[in-house]
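Remarks on the structure that follows.
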Amino acid sequence: MKTNNASPACKLERELPAYAQGELSAAAQATLEQHLASCPGCRKALQEYRELLGALRELPDAELSPDVTARTLNEIHREAARRRFEWRPFLRAAALWILVFSVAAIAAGVAWTRSRRSRSDTARERAAQWLVSAQLPDGRWDVRPGPAPSRHAVGITALAMMALSGERPALDKAAYSPALARAADYLVAQQAPDGRFGAVHSAAMYNTAMSVIALMRAGAGETDAARNSAAERGVAFILATQRPGGGWGYLRQPEGSMNTSITAWQLLALMEAEEAAGRPDVHDAIRRGLDWMATTVDPKGRVGYSAARDFPFGYATLTAAGALCAMKQSAAAPQLLDAFLQVARETGTRADIYQHYFVAAALGEYGKPDARERLLELQCALRARQIAAGPDAGAWDSSDRWSSAGGPVYTTSMAMMALQVSAGGKS
Amino acid sequence: MLDASDHELMARLRNEDHAAFTGLMQRYQRPLANYFRRVGASTDVEDLVQETFLRVYRYRLKYRPQARFTTFLYTLARNAWFDSLRRKRTQDRVAERVRGEHPPPPRSVVGPTDAPGLDATQALSGLDERLREIVVLTVMQGLSYSEAADILRIPVGTVKSRMFAALHELRRRFHEDK
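Sequence order for the protein chains is F and C. Residue numbering for the first sequence follows the working numbering, starting at 722 and increasing by one per position. Residue numbering for the second sequence follows the working numbering, starting at 254 and increasing by one per position.
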């Protein structure tokens, strides 16, 4: 910004606006006043700054029709009627009791419903059971079993937690509570004092974003102070590492280095914080992140990696992830949506599971009828790839580009989350 | 109602006291309208004021009285303003099929002034967006530097240096016009 480079004739002139606005400390004020007595240039500048400030303050009020208050109240009454559950605590309590009785009723009917359970539920149930069996004694999940955690252990643990937390109804989730609790304790123990999860390496930003989402989802409806505070500190780390340009990049890289892959995960974590924990203060960071991401979209609507048309790993997954983030904030440009729908049409059974997940999640967010059909096709293709028999029955194999690094826990978690997406609803 | 503090009114709003909310709206609708007009809103000032109060209402249960109410209010107002800019940019892109261009600053963002020897209206509208925001918050809305820093989430020192840059630039233009 060229105006920030304004060079005053006298060094102390920089203090004059703050002085004229009463924002200097007593000591700084005394020093300046002493200087003013001997500097005619600064006296003249001060006089002009005061005139400027006076003229700016005297600008007339904006016009406002008298019924703004009444119109706003009307709108609030309409909204309150729509969201009565939210602002009537006693109704919420009643709803909770109804839920409890419903759950009891569902439990009574489990034997009957089991026979009618959809293939998707069966696939997810088998996957969840495999995940629980693959958890290591210290609470983590990892690329492969062993005493020493891999550099991806934090992220993989978080993804497995996200997958298990996404299991509904609450009946199933309760069955996974002990596994989730041990994993949450593992994650909390991996947090650094600055809020980051895991060590500083290339996966640190992914690990932190995924851990924040996992802890928030696993802790939803529960009040575990340690987990909540760990998630909050994770959010603070994400906010603190946002680059001035609005995106995020690898730690220890120059400030201008940002990429949409890391940025998408940070945005998803911040949106989780805003939605689940009611954090209006992250809204600004989300907006700046989305604005930066918009600069990586080319005229065809495809999302680049570090800039428009930068596609070192293709554009399909990034376009799906970018569309997901933007749609969650109702900020997807039409060409981005068009490009995403094209990606969704072209995502075949050979695509990696990471792409499957983001395409499925974005289709769910998109929620239109044609998207629902495509989502069901993708989920069908995913179920067909689930391992049917043997010691790893219920898991997905780890043979594609990313999953060969993440192992079967990673693949299985991503596949489970893709299967949890419902059209027009959240994953 | 007129004597109640902002925090008291917010506490009553948490208990669904809509009269308290009316009190807050009457207290802040004019400053908010001025804020939106001066940062650059034109025809949609009233919609933005309404949107800001709706957000206050939605966040009433999350509101913590540790910070000043105005910090909370202007943070929500600023979010509403940027959201509306983003929507407008999207619409512009579709309409004009031009990608990545920001809308030009409005010709006049503050309305006419009678101040002799200085067209503050024109001068302010020509300022860089970040500098204009600082001037609007600290000069026109009367917020302290530290409160502006909280709203913009920048250090107080940056508020101070941007304020100097803004006034220095306005003064330069004033001299050029003479």
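All C-beta atoms in this analysis are idealised placements derived from N, C-alpha and C, irrespective of residue type, glycine included. Treat the numbers as computed from the prediction; the structure is a model and nothing was measured.
The C-beta of F/Pro975 has fewer than 16 other C-beta atoms within 10 Å across all chains shown, which makes the residue exposed.
Using a Cβ-Cβ cut-off of 8 angstroms, F/Thr1017 does not count as an interface residue toward chain C, since no Cβ of chain C sits closer than that to its own. Straight-line spacing of the CA atoms in F/Glu888 and C/Arg313 works out to 31 angstroms.
F/Gly1128 places its beta carbon 8 angstroms or farther from that of F/Val875. Between the alpha carbons of F/Phe918 and F/Pro781 lies a distance of about 52 angstroms. According to DSSP, residue pairing for F/Pro1033 in a beta bridge involves F/Gly1035. The residue among C/Leu423, C/Thr324, C/Leu307, C/Pro318 with its C-alpha nearest the C-alpha of F/Arg799 is C/Leu307. When DSSP reads this structure, F/Val1018 sits in a beta bridge with F/Val1024. Neighbours of C/Met416 in chain F, taken as residues at a C-beta separation under 9 angstroms, are given in chain order as Pro738, Ala739, Gln742, Glu744. For F/Thr929, the enclosing alpha helix (DSSP H) starts and ends at 925-939. Our two residues, F/Phe1079 and F/Ala1139, have alpha carbons roughly 8 angstroms apart in a direct line. Collapsing the DSSP output to three states places F/Gln1107 in a strand. Any Cβ of chain C closer than 8 angstroms to the Cβ of F/Ala1028 would place that residue at the interface, and such an atom is absent. Shortest Cα-Cα distance from F/Ala997 to any of F/Asn949, F/Val1024, F/Met979, F/Tyr971 involves F/Asn949. Per DSSP, the unbroken alpha helix (DSSP H) holding F/Phe1061 starts and ends at 1055-1067. As the crow flies, the alpha-carbon of C/Gln303 is around 13 angstroms from that of C/Arg331. Beyond the five residues adjoining it in sequence on each side, F/Ser1027 comes within less than 6 angstroms, by CB distance, of Asn980 in the same chain, given in chain order. Under the three-state reduction of DSSP output, F/Trp862 falls in the coil class, being neither helix nor strand. Judged by DSSP in its simplified three-state form, F/Trp969 adopts coil rather than helix or strand. Chain F places a beta carbon closer than 8 angstroms to that of C/His271, counting this residue as a contact. Within chain C, the C-beta atoms nearer than 9 angstroms to that of F/Val789 come from Met278, Gln282, Ala286, Glu299, Val302, Gln303, Phe306, in chain order. By the criterion of a C-beta distance shorter than 7 angstroms, F/Leu989 is surrounded in its chain by Ala930, Ile934, Cys1046, once the five residues flanking it on both sides are discounted. Just measuring C-alpha positions, the residue of F/Arg771, F/Pro729, F/Leu777 sitting nearest F/Gly762 is F/Pro729. Note on geometry: alpha-carbon atoms of C/Ser295 and C/Leu277 lie some 24 angstroms from one another. For the segment 383-413 of chain C, the set of residues with a beta-carbon nearer than 8 angstroms to any beta-carbon of chain F comprises Arg383, Leu384, Val388, Thr391, Val392, Met393, Ser397, Tyr398, Arg406, Lys413, in chain order.
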